[in-house]
Amino acid sequence: MQSPGAMLGKRPPASAVLRRLRPALVSACTLPSKWQGDGAALDWKTIVQISRPGWWIVHVWLYLAPTGQKYDLLSTWRFWLGLIYALFPLNLLVYGLNDWTDVELDANNSRKGNFMYGAKCTREQMRDVPRIIVLVNVLGVLVLAAVSGQWLSLSAWLVICFAVNCAYNVEPLRLSSKGPWELPCVVFGFSGVTALASIVNEIPWASMGYWLHMSCLVLRTQLWTEYLDYDPDLSCGRRTTSTLVGKFWSKVLVVTFVTAEAAVTWVYFDDTLMRIFSLSGVVAFVGLEVVRGTNDREKKKAMKAQNALGLSLVFWIWYKGIFAS
């Protein structure tokens, strides 16, 4: 008498299943092989541009915040692997989904096509970007979990990270085009970088003053960037907070948050360099955008100068342990 399994038909052996799945698995795990191609297919130069190296300083700032003066971390794999993950795979997730949904808009944006503001891609080039984002981020978090042992915390962190970025960039929510709701989403998203540092390195969370400072910093940077993109966003009907309130009130909001950042610095951090930097941000924006007015080229220079000053200051803050608990 035949067994129930025999009557239903023999199951294919595991090796046969793997052979059938192999082409799909290979395709899913394939990465570009060239630094710079002919422009028809995705290459590594374009992928790196999508991750915005000109803005990596933001994630350096956020990641290092709770680790200040913890010199023992500098000799650990978890610290450096966490920083590398925050710089490239995580930035690719943050900006890659944005570019994937904004291909047509970015095609008419003169600021695109560089390492500061991202690549200018065709729809065909962007087709594989979501797959590559998932691949490098899942692999990156697996490596971090393996070296830190924080499997559960990092799994939960990655799920939340993808959820926040999808809510910001992808329908049906796509909060990036539903101002002002993109602002709290951006603050929550960037705070995840600091949370990542605490999880991976198993250290206390940053101080309350840091979270207030970080919120002001992220909000004024987001609004300043939206102000830079005001004309292309308006022309395609994209509703950001900036296009919602207009150019004048966009400037007012940036000045408000730059001033709030300076106030938080003076109240919570007794450090002369930080206070000077925060005041210089107020003076620079008011002088360049409110009083004088700048063209697009001058705006780019101002952003680059701010990044350079921020890079110099972040190491001072780490050395002094200003943000750490």
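Residue numbers (this note's numbering): 1 to 325. No residue lacks a Cβ here, since even glycine has one placed at the ideal position from N, Cα and C.
I'd like to know if the region 143-156 and the region 198-211 are in contact, where contact means that at least 3 CB-CB pairs between them fall below 8 Å. Contact between the region 143-156 and the region 198-211 is present, because at least three Cβ pairs lie under 8 Å.
CA-to-CA distance, residue 58 to residue 206, given in whole angstroms: Here residue 206 refers to the residue found at position 206 when the sequence shown is read from its first residue. Here residue 58 refers to the residue found at position 58 when the sequence shown is read from its first residue. Each residue's alpha carbon lies about 16 Å from the other.
With a threshold of 16 other CB atoms inside 10 Å of the CB of residue 112, please say whether the residue is buried or exposed. Counting from 1 along the sequence shown, the entry for residue 112 is found at position 112. By the 10 Å Cβ count, residue 112 comes out buried.
I'd like the list of long-range same chain contacts for residue 322, defined as Cβ closer than 7 Å, with 5 residues on each side in sequence excluded. Mapped onto the sequence shown, residue 322 falls at position 322. The residues are 68, 269, 271 and 274.
So the candidates are 175, 211 and 126; which of them puts its Cα closest to the Cα of residue 264? The sequence position of residue 264 within the sequence shown is 264, counting from 1. Ranking 175, 211 and 126 by Cα distance to residue 264 puts 211 first.
Here's a check: name, in chain order, each residue in its chain whose Cβ is nearer than 6 Å to the Cβ of residue 192, leaving out the five neighbours to either side. Indexing the sequence shown from 1 puts residue 192 at position 192. Closer than 6 Å at Cβ, skipping near neighbours: 161.
Shortest alpha-carbon distance to residue 83 belongs to which of 237, 73 and 63? Within the sequence shown, residue 83 is the residue found at index 83, counting from 1. Checked all of 237, 73 and 63; the closest Cα to residue 83 is 63.
Considering only their Cβ atoms, is the gap separating residue 103 from residue 126 smaller than 8 Å? Taking the first residue of the sequence shown as position 1, residue 126 is located at position 126. Taking the first residue of the sequence shown as position 1, residue 103 is located at position 103. With respect to residue 103, residue 126 sits close: the two C-beta atoms are nearer than 8 Å.
Out of curiosity, what's the CA-to-CA distance linking residue 90 and residue 133? Looking up residue 90 in the sequence shown gives position 90. Looking up residue 133 in the sequence shown gives position 133. Whole-angstrom Cα-Cα distance: 8 Å.
With H, G and I counted as helix, E and B as strand and the rest as coil, what does DSSP make of residue 70? Within the sequence shown, the letter at position 70 stands for residue 70. It is coil, neither helix nor strand.
In whole angstroms, give me the CA-to-CA distance for residue 324 and residue 235. Stepping through the sequence shown from its first residue, residue 324 is reached at position 324. Stepping through the sequence shown from its first residue, residue 235 is reached at position 235. Whole-angstrom Cα-Cα distance: 43 Å.
Taking the alpha-carbon of residue 255 as reference, which of 240, 239, 285 and 141 has the nearest alpha-carbon? Here residue 255 refers to the residue found at position 255 of the sequence shown. Nearest option by C-alpha distance: 285.
Using the beta-carbon count (16 or more within 10 Å), is residue 315 buried or exposed? Within the sequence shown, numbered from 1, the residue matching residue 315 stands at position 315. It counts as exposed.
Counted within 10 angstroms of its Cβ, other Cβ atoms place residue 123 as buried (16 or more) or exposed: Against the sequence shown, residue 123 aligns to sequence position 123. With fewer than 16 other Cβ atoms within 10 Å, it is exposed.
Classify residue 316 as helix, strand or coil using the three-state DSSP reduction. By 1-based counting over the sequence shown, the position of residue 316 is 316. The answer is helix: DSSP assigns residue 316 an H, G or I state.
Looking at the secondary structure, which residues open and close the alpha helix (DSSP H) in which residue 143 lies? Taking the first residue of the sequence shown as position 1, residue 143 is located at position 143. Here the alpha helix (DSSP H) through residue 143 covers 129-148.
Do the region 172-184 and the region 222-241 meet, that is, are 3 or more Cβ pairs less than 8 Å apart? Under the 8 Å Cβ criterion, the region 172-184 counts as touching the region 222-241, having at least three qualifying pairs.
Cutting at 8 Å between CB atoms, please list the residues of its own chain near residue 73, excluding the five before and the five after it. Taking the first residue of the sequence shown as position 1, residue 73 is located at position 73. Within the same chain, 67, 79, 201 and 203 come within 8 Å of residue 73 by CB-CB distance, once the 5 residues on both sides are set aside.
How should residue 171 be labelled, buried or exposed, when 16 other C-beta atoms within 10 angstroms of its C-beta is the threshold for buried? In the sequence shown, counting from the first residue as 1, residue 171 sits at position 171. Result: exposed.
Spatial distance of residue 120 from residue 99 (CA atoms): Counted from its first residue, the sequence shown places residue 120 at position 120. Counted from its first residue, the sequence shown places residue 99 at position 99. So the alpha carbons of these two residues sit roughly 9 Å apart.
Can you name, in chain order, every residue of its own chain whose Cβ lies under 8 Å from the Cβ of residue 308, other than the five neighbours on each side? On the sequence shown, residue 308 is found 308 positions in, with the first residue counted as 1. The beta carbon of residue 308 sits closer than 8 Å to none of the beta carbons in its chain outside the five residues before and after it.
With a CB to CB cut of under 7 Å and the five nearest residues on each side skipped, what residues in its chain are close to residue 260? Stepping through the sequence shown from its first residue, residue 260 is reached at position 260. Hits under 7 Å: 216.
Assign residue 251 to one of two classes, buried (16 or more other C-beta atoms within 10 Å of its C-beta) or exposed (fewer than that). Looking up residue 251 in the sequence shown gives position 251. Buried is the call here.
If I measure Cβ to Cβ from residue 81 and keep anything under 7 Å in the same chain, skipping five residues before and after, which residues do I get? As a working mapping, residue 81 is identified with position 81 in the sequence shown. In chain order, 143, 144 and 147 place their CB closer than 7 Å to the CB of residue 81, counting only its own chain and leaving out the 5 sequence neighbours on each side.
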